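Those protein sequence lines, which keep their order, are chains A and B.
Residue numbering for the first sequence follows the numbering used here, starting at 813 and increasing by one per position.
Residue numbering for the second sequence follows the numbering used here, starting at 813 and increasing by one per position.
What follows is a single structure, written as structure tokens, with notes after it.
Number of protein chains: 2
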Amino acid sequence: MSHTGRGILTIVSGFAGSGKGTVMKKLVAEHDNYALSVSATSRAPRPGEEEGVSYFFRTREQFEEMIRQDALLEYAEYVGNYYGTPKDFVFSRMDEGRDVILEIELQGAMQIKKKYPDTVLIFLTPPSVDELYGRLKGRGTETDEVIAKRMKRASEEALSIKDYDYLVINDNIDDCTRKVHEIIQTAHHEVRHEAEFIESIREGLEKYSG
Amino acid sequence: MSHTGRGILTIVSGFAGSGKGTVMKKLVAEHDNYALSVSATSRAPRPGEEEGVSYFFRTREQFEEMIRQDALLEYAEYVGNYYGTPKDFVFSRMDEGRDVILEIELQGAMQIKKKYPDTVLIFLTPPSVDELYGRLKGRGTETDEVIAKRMKRASEEALSIKDYDYLVINDNIDDCTRKVHEIIQTAHHEVRHEAEFIESIREGLEKYSG
Chain A
813 MSHTGRGILT IVSGFAGSGK GTVMKKLVAE HDNYALSVSA TSRAPRPGEE
863 EGVSYFFRTR EQFEEMIRQD ALLEYAEYVG NYYGTPKDFV FSRMDEGRDV
913 ILEIELQGAM QIKKKYPDTV LIFLTPPSVD ELYGRLKGRG TETDEVIAKR
963 MKRASEEALS IKDYDYLVIN DNIDDCTRKV HEIIQTAHHE VRHEAEFIES
1013 IREGLEKYSG
Chain B
813 MSHTGRGILT IVSGFAGSGK GTVMKKLVAE HDNYALSVSA TSRAPRPGEE
863 EGVSYFFRTR EQFEEMIRQD ALLEYAEYVG NYYGTPKDFV FSRMDEGRDV
913 ILEIELQGAM QIKKKYPDTV LIFLTPPSVD ELYGRLKGRG TETDEVIAKR
963 MKRASEEALS IKDYDYLVIN DNIDDCTRKV HEIIQTAHHE VRHEAEFIES
1013 IREGLEKYSG
């Protein structure tokens, strides 16, 4: 790890087809300073899903208790199930000095940024709309109707890119991963993250010139 | 050059002994996207100094005319001579897509940030106060009185580090140069610098989703 002190919280969002899942996997594989957040959900586990790895599986009652106790960084309900980000998991890793990455959507990103303005928000996009369409189409797993719905949704999401801190164009997976890494590492040098060091230098200089 | 579009303006300041001069030279030598700003001054050229390279040499009258015409990004008077940063030189290079770096002090940095909030402000520091003192002492060219004065001044400067965007600790010249480079390249991905691309994506998506 190249930094001491508390880790930084980063949110990565992006259009369907932006490759954000691949970028996150590469980031974690290539650098030892990252931890991926694990979400909590009230939906039932699917075959092969592991508690604490895929999700923290909770009952609706347990999830609602977490909401009441303000134990979530953000949450949303989606087709009848809750999804959210437990604070504990994220903050304990940040306290260990790890940079935590959350892959969540727009609304969750905005909830967190409002409460924790130090969070770094990164939006990933394919290099062009044609490319975005091509990637969705190329998967070959979706009907035209689903693709049209995703394009419509991307069109709405595009209105909120300006509320993110950074936009990264994913035209090459290695370049894109490197850029995301540099953005997060750069954030460590923001003066708001160096307050302790600045204070120690100031005190030291006062003694010398005292 | 890894980016298209307009270049970014960066100001590098730092304590005496922070190594900022060396970092700037390495940046320019190692990457072709940077241009160093050249200051204007009303002081007389010294032997070996070249017009347009060391400085733009101007008479007091010419300099005051530049002030009246708002042709300077910032300026100050120092022991009877004017020093300032001509806008033309900086803006024309930014328009060519070059990232322009200014090595100036606190007051000038603040003048520019106020008028051009997109400017990236970086402050360089040695890793500790003892190291700072050692570097000033180690030069062997300054009297104890001058060193004491510089330490006193650093003590005042330290109060304003929080007004910069980034702090970089120079404990290794290669690492420090790489970090400054990454900070500037990261700034290209800030959403405020990608407004055109975001608009083009938004328009394209609107067409698709009809």
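All C-beta atoms in this analysis are idealised placements derived from N, C-alpha and C, irrespective of residue type, glycine included.
Owing to the predicted nature of the structure, the values given are computational and were not obtained by experimental measurement.
DSSP on residue i, reduced to helix/strand/coil?
i                        : result
leucine 971 (chain B)    : coil
glutamate 915 (chain A)  : strand
tyrosine 1020 (chain A)  : helix
isoleucine 823 (chain A) : strand
glutamate 943 (chain B)  : helix
glutamate 873 (chain A)  : helix
alanine 883 (chain A)    : coil
serine 814 (chain B)     : Reliability fails at serine 814 (chain B), whose pLDDT of 45 lies under 50, so the model's placement of it is uncertain and the value that follows must be treated cautiously. In the structure shown, serine 814 (chain B) sits in coil (DSSP, three-state: anything other than H, G, I, E or B).
threonine 953 (chain B)  : coil
alanine 999 (chain B)    : helix
glutamate 889 (chain B)  : strand
alanine 960 (chain A)    : helix
threonine 937 (chain B)  : strand
glutamate 1011 (chain B) : helix
threonine 931 (chain A)  : coil
glutamate 1106 (chain A) : For residue 1106 (chain A) there is no data in the structure shown, the boundaries of chain A being 813 and 1022.
Pick out whichever of the options has its Cα sitting closest to the Cα of residue i.
i                           : options                                 : result
glycine 819 (chain A)       : A:Gly909, A:Glu863, A:Phe1009           : A:Gly909
serine 830 (chain A)        : A:Thr955, A:Asn893, A:Pro859, A:Leu979  : A:Leu979
valine 1003 (chain B)       : B:Glu954, B:Asp930, B:Asp956            : B:Asp930
isoleucine 810 (chain B)    : B:Ala1007, B:Pro939, B:Gln874           : In the structure as shown, chain B starts at 813 and stops at 1022, and residue 810 (chain B) therefore has no counterpart that could be examined.
alanine 841 (chain B)       : B:Glu1006, B:Arg990, B:Thr998           : B:Arg990
leucine 936 (chain A)       : A:Ser854, A:Glu1015, A:Cys988           : A:Cys988
phenylalanine 869 (chain A) : A:Ile879, A:Ala856, A:Arg880, A:Lys838  : A:Ala856
aspartate 942 (chain A)     : B:Gly1016, B:Asp907, B:Lys926, B:Ala999 : B:Gly1016
threonine 871 (chain B)     : B:Gly952, B:Lys926, B:Tyr894            : B:Tyr894
leucine 839 (chain B)       : B:Ile913, B:Phe903, B:Asp907            : B:Ile913
leucine 920 (chain A)       : A:Glu889, A:Phe903, A:Met906, A:Arg947  : Before going further, note that residue 920 (chain A) is glycine rather than leucine in the sequence given. Taking only the C-alpha atoms, the option nearest glycine 920 (chain A) is A:Glu889.
isoleucine 917 (chain A)    : A:Arg965, A:His1005, A:Lys837           : Looking at the sequence provided, one finds glutamate at residue 917 (chain A) rather than isoleucine. It is A:Arg965 whose Cα lies nearest to the Cα of glutamate 917 (chain A).
isoleucine 981 (chain B)    : A:His1005, A:Ile981, A:Asp977           : A:His1005
phenylalanine 903 (chain A) : A:Ile879, A:Lys837, A:Tyr928            : A:Tyr928
alanine 828 (chain A)       : A:Asp977, A:Arg905, A:Val958            : A:Val958
lysine 925 (chain A)        : A:Glu1018, A:Lys837, A:Asp977           : A:Asp977
Report the rounded CA-to-CA distance for residue i versus residue j, giving the unit in angstroms.
i                         : j                        : result
aspartate 975 (chain B)   : lysine 832 (chain B)     : 18 Å
histidine 843 (chain A)   : glycine 896 (chain A)    : 26 Å
methionine 813 (chain A)  : histidine 1001 (chain A) : Any reading at methionine 813 (chain A) must be qualified, since the residue scores a pLDDT of 39, below 50, and its modelled position is unreliable; the value itself is stated next. Methionine 813 (chain A) and histidine 1001 (chain A): Cα-Cα distance of roughly 14 Å.
glutamate 886 (chain B)   : aspartate 983 (chain B)  : 30 Å
glycine 864 (chain A)     : leucine 848 (chain A)    : 11 Å
glycine 826 (chain A)     : serine 967 (chain B)     : 44 Å
alanine 852 (chain B)     : lysine 949 (chain B)     : 31 Å
glutamate 873 (chain B)   : aspartate 882 (chain B)  : 14 Å
tyrosine 867 (chain B)    : glutamate 877 (chain B)  : 17 Å
glycine 817 (chain B)     : isoleucine 823 (chain A) : 26 Å
isoleucine 1013 (chain B) : alanine 1007 (chain B)   : 10 Å
tyrosine 945 (chain A)    : serine 854 (chain A)     : 32 Å
aspartate 956 (chain B)   : leucine 821 (chain B)    : 36 Å
glutamate 915 (chain A)   : proline 859 (chain A)    : 22 Å
glutamate 862 (chain B)   : arginine 947 (chain B)   : 29 Å
alanine 970 (chain B)     : alanine 960 (chain B)    : 15 Å
methionine 922 (chain A)  : threonine 998 (chain B)  : 22 Å
arginine 905 (chain A)    : isoleucine 879 (chain B) : 53 Å
I believe residue i touches residue j by the beta-carbon criterion, under 8 Å. Please report the beta-carbon distance rounded to the nearest angstrom.
i                           : j                         : result
valine 992 (chain B)        : valine 835 (chain B)      : 6 Å
isoleucine 996 (chain A)    : aspartate 911 (chain A)   : 6 Å
isoleucine 934 (chain A)    : isoleucine 1010 (chain B) : Wrong, their Cβ atoms sit about 14 Å apart, outside the cutoff.
phenylalanine 901 (chain B) : valine 932 (chain B)      : About 18 Å separates the two Cβ atoms, so there is no contact after all.
methionine 963 (chain A)    : tyrosine 846 (chain B)    : Between tyrosine 846 (chain B) and methionine 963 (chain A) the Cβ distance is about 40 Å, and since that is not below 8 Å, they are no contact.
Give me the subset of the stretch 971 to 989 of chain A whose CB atoms are less than 9 Å from a CB atom of chain B, sorted by chain position.
Listed by position, the residues of the stretch 971 to 989 of chain A near chain B (Cβ gap below 9 Å) are Leu971, Ile973, Lys974, Asp975, Tyr976, Asp977, Tyr978, Leu979, Val980, Ile981, Asp987.
Please list, in chain order, the residues of the stretch 829 to 850 of chain B that have any C-beta partner in chain A closer than 9 Å.
Cβ contacts with chain A come from no residue of the stretch 829 to 850 of chain B.
Check each residue of the stretch 850 to 864 of chain A: if its Cβ is closer than 9 Å to any Cβ of chain B, include it; give the result in chain order.
The residues in question: there are none.
Can you pull out the residues from the stretch 864 to 889 of chain A whose beta carbon lies closer than 9 Å to at least one beta carbon of chain B?
When CB distances to chain B are screened at a threshold of 9 Å, not a single residue of the stretch 864 to 889 of chain A falls below it.
Against chain A, which members of the stretch 899 to 921 of chain B pass a CB distance test of less than 9 Å?
Hits within the stretch: zero.
Residues of the stretch 941 to 953 of chain A in Cβ contact with chain B at a cutoff of 7 Å, in chain order, please.
The stretch 941 to 953 of chain A vs chain B, Cβ under 7 Å: Val941, Tyr945.
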